[in-house]
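Positions in the sequence shown are counted from 1; adding 9 to them yields the working numbering. Glycine included, each C-beta is placed from N, C-alpha and C at the ideal position. What follows is a single structure, written as structure tokens, with notes after it.
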Amino acid sequence: MSRPLLSILISSVCLSAATVMAAGQGARLSAAEIDNPVSSAALVDNKSFLAPPDAAKAHETFEGTLKVSEAPMLTEPAKFKKDNVLGKNPQIFPAVSLSFVADGDDLIPSTQDVIRNGTLPGGHSFWDIIVQPGKIWSEPSDDGWSRASFPFSLVNSIEGETHNGVATFVYKAGKLSHIRYQILQQTSPFYIEDYFTAAGSLTAEYAPAKIPNAQAVIDTFKAAQADEETIASWSDLEAKVGKDKLEGFDSAIRPNEIVLDGLMIDDRFYLKSCPTPAGELPYCEHQRFGVWSVTKSAATAVAMLSIAQKYGPDIFTTKIADYVDEAKGVAGWQDVTFGDALNMATGMGYGTDKAEPINMFDPYADDYYGWYEAPTAKQKVGNLIKSAKPYSWGPEKVARYRDEDFFLLGVGLTNYLKKKEGPDANVWTYIVREVYGPIGIHYAPTNKTIEPNPKGDQPLMAYGYYPTISDLIKIARLYQNGGKFGDKQLLNAEMLADINPATDPVGLPTGVDQKPFYRKAFWRAHYKSSDCSFYYPIMDGWGENYVLLLPKGVTAFRLAKNWDGDAGAGNLDNMAAVGGRLKPFCQ
Numbered sequence: 010m011s012r013p014l015l016s017i018l019i020s021s022v023c024l025s026a027a028t029v030m031a032a033g034q035g036a037r038l039s040a041a042e043i044d045n046p047v048s049s050a051a052l053v054d055n056k057s058f059l060a061p062p063d064a065a066k067a068h069e070t071f072e073g074t075l076k077v078s079e080a081p082m083l084t085e086p087a088k089f090k091k092d093n094v095l096g097k098n099p100q101i102f103p104a105v106s107l108s109f110v111a112d113g114d115d116l117i118p119s120t121q122d123v124i125r126n127g128t129l130p131g132g133h134s135f136w137d138i139i140v141q142p143g144k145i146w147s148e149p150s151d152d153g154w155s156r157a158s159f160p161f162s163l164v165n166s167i168e169g170e171t172h173n174g175v176a177t178f179v180y181k182a183g184k185l186s187h188i189r190y191q192i193l194q195q196t197s198p199f200y201i202e203d204y205f206t207a208a209g210s211l212t213a214e215y216a217p218a219k220i221p222n223a224q225a226v227i228d229t230f231k232a233a234q235a236d237e238e239t240i241a242s243w244s245d246l247e248a249k250v251g252k253d254k255l256e257g258f259d260s261a262i263r264p265n266e267i268v269l270d271g272l273m274i275d276d277r278f279y280l281k282s283c284p285t286p287a288g289e290l291p292y293c294e295h296q297r298f299g300v301w302s303v304t305k306s307a308a309t310a311v312a313m314l315s316i317a318q319k320y321g322p323d324i325f326t327t328k329i330a331d332y333v334d335e336a337k338g339v340a341g342w343q344d345v346t347f348g349d350a351l352n353m354a355t356g357m358g359y360g361t362d363k364a365e366p367i368n369m370f371d372p373y374a375d376d377y378y379g380w381y382e383a384p385t386a387k388q389k390v391g392n393l394i395k396s397a398k399p400y401s402w403g404p405e406k407v408a409r410y411r412d413e414d415f416f417l418l419g420v421g422l423t424n425y426l427k428k429k430e431g432p433d434a435n436v437w438t439y440i441v442r443e444v445y446g447p448i449g450i451h452y453a454p455t456n457k458t459i460e461p462n463p464k465g466d467q468p469l470m471a472y473g474y475y476p477t478i479s480d481l482i483k484i485a486r487l488y489q490n491g492g493k494f495g496d497k498q499l500l501n502a503e504m505l506a507d508i509n510p511a512t513d514p515v516g517l518p519t520g521v522d523q524k525p526f527y528r529k530a531f532w533r534a535h536y537k538s539s540d541c542s543f544y545y546p547i548m549d550g551w552g553e554n555y556v557l558l559l560p561k562g563v564t565a566f567r568l569a570k571n572w573d574g575d576a577g578a579g580n581l582d583n584m585a586a587v588g589g590r591l592k593p594f595c596q
């Protein structure tokens, strides 16, 4: 997702001296300190939220529901640029019910989907939340109390960033302390303009009780654990290939804008960093990250290529107006295909009717925000159909960046699947069943429209997917393997062929130096050396989130929070060059 016309520039959070000092003290929180209300936005060392190496088993298991009360967050900066966003306050932690069941020392949430609060009527908080698996343990100094911790992400169902945090509490015989938390890292924001960290204490009612489908929750978690990627360290890679070959991997971006970076080579992923101001992000391997428009290639293109494999490649030439009633009879939409939308080339929009000079981002208009904020699929489709006008060149010819058309494509795909599979079909359910599940992705939270009946919620498809590192690795590997998993072809090889690295430019020109071509939800970047030159595909999301699909199975990852799109952050040459040193691409 890109926001080239926003007038606001944000610089990354500048932590106060108190915050940095608190983060560096290194002392663990006592049980009493966990229970005492937090009075400062200063962060403590992240180690306090994780079991120490000498941790003992929890004195008792944990199963039940935490009913968390809404509470102000202590933030750095203390005051946000806006304290009212869409009628809600972004400096308030949401009131939510969180259910967990423990299995051994694993603390497993009953759901890893988006739990809504801020996008529903009532309440004051702007935020929804996603909760991930954590741990339970005990420490000798806690007088018989057990500890628990879990990672979480504050999100909003119409946006696409995550604000990643961690929480901890102590419990004993049905009693619960305050829940102490801190928010440590984030991907690039949009409506919430501030980069922020936060700390706080939450009051929660604890209802110890069996949660519904507890065994199914445990079984799914165990399956996910078994399929989870092994994350190796960057020092492991340095020892293997030599430190000099890895020099400059992330030198083109400001260090404080990096959220996560690493490299997959020889089918093994090496994590370079997962930084926060208080140490490495706790549970980095389980944290979910708001990757914005990486969703387009990691999910929407996956759906198209899977449907092409299952039902035939003519899905790419199918007319959108045949599956979206609102588009029927509307000038310009009658000839637009599903493939045109995936190529960002519908020939519809509200920009200038001038193809030259090439400018893929010409322009974002106020019409965009009406579509962006519309809560239901009917409102979103009505808004984008009404606001878009046909360009003189028609479909297929010129690329213009439109999140709206990816959403419309998702609606069309859901309706296509309803005709094939029945009235309950949905494109997201299809992706999970046909692709994500088979390759080992067992949870797939994404933002959806907010319908009166949640069963009718439509995934946004333009952005809003919240993958883990492991999820991104699996999706990248599927592309790198030509859409094949084991001996099964999951993505149509014929339609996938022009996504994989090619020596010739593939796609429509974009006018963007670093990414000069676009096709099938992938940008193409240029690799040049003294020995060869070619274009390779990249997944790309707002804030300079990148997954680079390089030759010979090399994949470079970087998630970031770069608001201003400066050339350094968008320069991919250094990451690609490191890959080329390890696996010479020109041979």
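* CA-CA distance, D276 and R486? -> Mapped onto the sequence shown, residue 276 falls at position 267. Mapped onto the sequence shown, residue 486 falls at position 477. Going by the C-alpha atoms only, they are around 8 Å apart.
* Contacts around V110, its chain only, beta-carbon distance under 6 Å, and the 5 residues preceding and following it disregarded -> Counted from its first residue, the sequence shown places residue 110 at position 101. Once the five neighbours on either side are set aside, the close Cβ partners of V110 are E72, I117, I220, A223 and V226.
* Burial state of P454, where buried means 16 or more other Cβ atoms lie within 10 Å -> Reading the sequence shown from its first residue, position 445 is the one you call residue 454. In this structure P454 is buried. Its beta-carbon is surrounded by 16 or more other beta-carbon atoms within 10 angstroms.
* Asked: If we call anything under 8 Å between Cβ atoms a contact, is V515 one with D507?
  -> What you label residue 515 is simply residue 506 of the sequence shown in a count that begins at 1. What you label residue 507 is simply residue 498 of the sequence shown in a count that begins at 1. Result yes, Cβ atoms of V515 and D507 sit closer than 8 Å.
* Asked: Looking at C-alpha atoms only, which residue of F205, T171, G209 and L422 is the closest neighbour of I188?
  -> Counted from its first residue, the sequence shown places residue 188 at position 179. That would be G209, whose Cα lies nearest to the Cα of I188.
* W402 burial status per 10 Å Cβ neighbour count (16 or more: buried) -> On the sequence shown, residue 402 is found 393 positions in, with the first residue counted as 1. By the neighbour-count rule (16 or more Cβ atoms within 10 Å), W402 is not buried but exposed.
* **Ranges of the beta strand (DSSP E) found wholly within the stretch 541-581, counting only runs of at least 3** => Entirely contained in the stretch 541-581, the beta strand (DSSP E) runs reaching 3 residues are, in chain order, 542-550, 554-558 and 564-569.
* Would you give the residue range spanned by the beta strand (DSSP E) that G209 belongs to? => Taking the sequence shown and counting its residues from 1, the one referred to as residue 209 is at position 200. Run containing G209: T206 to L211, per the beta strand (DSSP E) assignment.
* Note the first and the last residue of the continuous alpha helix (DSSP H) segment covering W437. => Reading the sequence shown from its first residue, position 428 is the one you call residue 437. Segment V436 to I440, the alpha helix (DSSP H) holding W437.
* Asked: CA-CA distance, L59 and P291?
  -> Working through the sequence shown from its first residue, we reach residue 59 at position 50. Working through the sequence shown from its first residue, we reach residue 291 at position 282. Their backbone Cα atoms lie some 7 Å apart in a straight line.
* **DSSP three-state assignment for Y527, whether helix, strand or coil** => For this step, residue 527 is matched to residue 518 along the sequence shown. Here Y527 sits in strand by DSSP.
* **Ranges of the beta strand (DSSP E) found wholly within the stretch 459-537, counting only runs of at least 3** => 526-528 and 531-537
* Would you kindly work out how many angstroms separate the C-alpha atoms of L581 and V77, rounded to a whole number? => For the purposes of this step, residue 581 is taken as the residue at position 572 of the sequence shown. For the purposes of this step, residue 77 is taken as the residue at position 68 of the sequence shown. Straight through space, the alpha carbons of V77 and L581 are spaced by roughly 43 Å.
* Considering only the beta carbon of each residue, do F161 and V94 sit closer than 8 Å? -> Numbered from its first residue, the sequence shown carries residue 161 at position 152. Numbered from its first residue, the sequence shown carries residue 94 at position 85. No, the pair does not count as a contact, with Cβ atoms beyond the cut-off.
* Cβ distance (whole Å) where R6 is taken to contact G358 below 8 Å -> This structure gives no information on residue 6, because the portion of the chain shown stretches from 10 to 596.
* To do: For L351, count neighbouring Cβ atoms within 10 angstroms of its own Cβ and tell me buried if that reaches 16, exposed if not.
  => To locate residue 351, count along the sequence shown from 1; it is residue 342. It is buried - the Cβ of L351 has at least 16 other Cβ atoms within 10 Å.
* Residues near L83 by beta carbon distance below 7 Å, same chain, minus five either side -> Taking the sequence shown and counting its residues from 1, the one referred to as residue 83 is at position 74. Taken in chain order, the residues that qualify are V47, S49, A50, A207, A208 and G209.
* Asked: Just checking my contact of P99 with I201 at CB under 8 Å: how many whole Å lie between their CB atoms?
  -> Against the sequence shown, residue 99 aligns to sequence position 90. Against the sequence shown, residue 201 aligns to sequence position 192. Right, the Cβ-Cβ distance comes to about 5 Å (below 8 Å), so this counts as a contact.
* Would you grab the beta carbon distance between L255 and E266 for me? Rounded to a whole angstrom, and I think it's under 8 Å. => Locating residue 255 in the sequence shown gives position 246, where the first residue counts as 1. Locating residue 266 in the sequence shown gives position 257, where the first residue counts as 1. Incorrect: roughly 19 Å between the Cβ atoms, too far for contact.
* To do: Assign Y445 to buried or exposed, taking buried as 16 or more other Cβ atoms, counted over all protein chains shown, within 10 Å of its Cβ.
  => Your numbering for residue 445 matches position 436 in the sequence shown. The residue in question, Y445, is buried, as its Cβ has 16 or more Cβ neighbours within 10 Å.
* Segments assigned beta strand (DSSP E), at least 3 residues, entirely inside the stretch 88-150 -> 105-112, 115-118, 137-140 and 143-147
* Asked: Can you tell me whether DSSP reads S315 as helix, strand or coil?
  -> Locating residue 315 in the sequence shown gives position 306, counting from the first residue. Helix.
* **Buried or exposed by the 16-neighbour rule on C-beta atoms within 10 Å, applied to L193** => As a working note, residue 193 is residue 184 in the sequence shown. Buried is the call here.
* Asked: Between the stretch 453-468 and the stretch 117-132, do three or more beta carbon pairs fall short of 8 Å?
  -> yes
* Could you check if G550 is buried or exposed, using at least 16 other CB atoms within 10 Å of its CB as the buried criterion? => Mapped onto the sequence shown, residue 550 falls at position 541. Buried, since its Cβ has 16 or more Cβ neighbours within 10 Å.
* What residue does the beta strand (DSSP E) around A287 start on, and which one ends it? -> Within the sequence shown, residue 287 is the residue found at index 278, counting from 1. No beta strand (DSSP E) contains A287, which DSSP labels as neither H nor E.
* Asked: Is it right to say G473 is buried, meaning 16 or more other beta carbons lie within 10 angstroms of its own, or is it exposed?
  -> The sequence position of residue 473 within the sequence shown is 464, counting from 1. Classification for G473: buried.
* What residue does the alpha helix (DSSP H) around F159 start on, and which one ends it? -> On the sequence shown, residue 159 is found 150 positions in, with the first residue counted as 1. First-last for F159: S155 to V164, but that is the beta strand (DSSP E), not the alpha helix (DSSP H).
* How many whole angstroms separate the CB atoms of Y257 and V587, which I take to be in contact at a CB cut-off of 8 Å? -> Indexing the sequence shown from 1 puts residue 257 at position 248. Indexing the sequence shown from 1 puts residue 587 at position 578. The question names Tyr, but residue 257 is Gly in the sequence shown. With a Cβ gap of about 7 Å, G257 and V587 count as contacting.
* Asked: Quick one: what does DSSP say R590 is sitting in, helix, strand or coil?
  -> Indexing the sequence shown from 1 puts residue 590 at position 581. Reduced to three states, the DSSP call for R590 is helix.
* Put Q296 into one of helix, strand or coil per three-state DSSP. => Position 287 of the sequence shown, counting from 1, holds the residue named residue 296. Three-state DSSP puts Q296 in coil, outside helix and strand.
* **Inter-residue CB distance, I394 and V339 (contact presumed, cutoff 8 Å)** => Here the question's residue 394 lines up with position 385 in the sequence shown. Here the question's residue 339 lines up with position 330 in the sequence shown. I394 to V339, Cβ: 6 Å. Contact.
* Asked: What's the C-alpha gap between E170 and I329?
  -> Counting from 1 along the sequence shown, the entry for residue 170 is found at position 161. Counting from 1 along the sequence shown, the entry for residue 329 is found at position 320. Approximately 29 Å between the Cα atoms of the pair.
* Using the C-alpha atoms, what's the distance from G391 back to G174? -> The residue you call residue 174 lines up with position 165 of the sequence shown. The residue you call residue 391 lines up with position 382 of the sequence shown. So the two alpha carbons sit approximately 37 Å from each other.
* To do: Return helix, strand or coil for E214, following the three-state DSSP convention.
  => For the purposes of this step, residue 214 is identified with residue 205 of the sequence shown, where counting begins at 1. DSSP places E214 in strand when its eight states are reduced to three.
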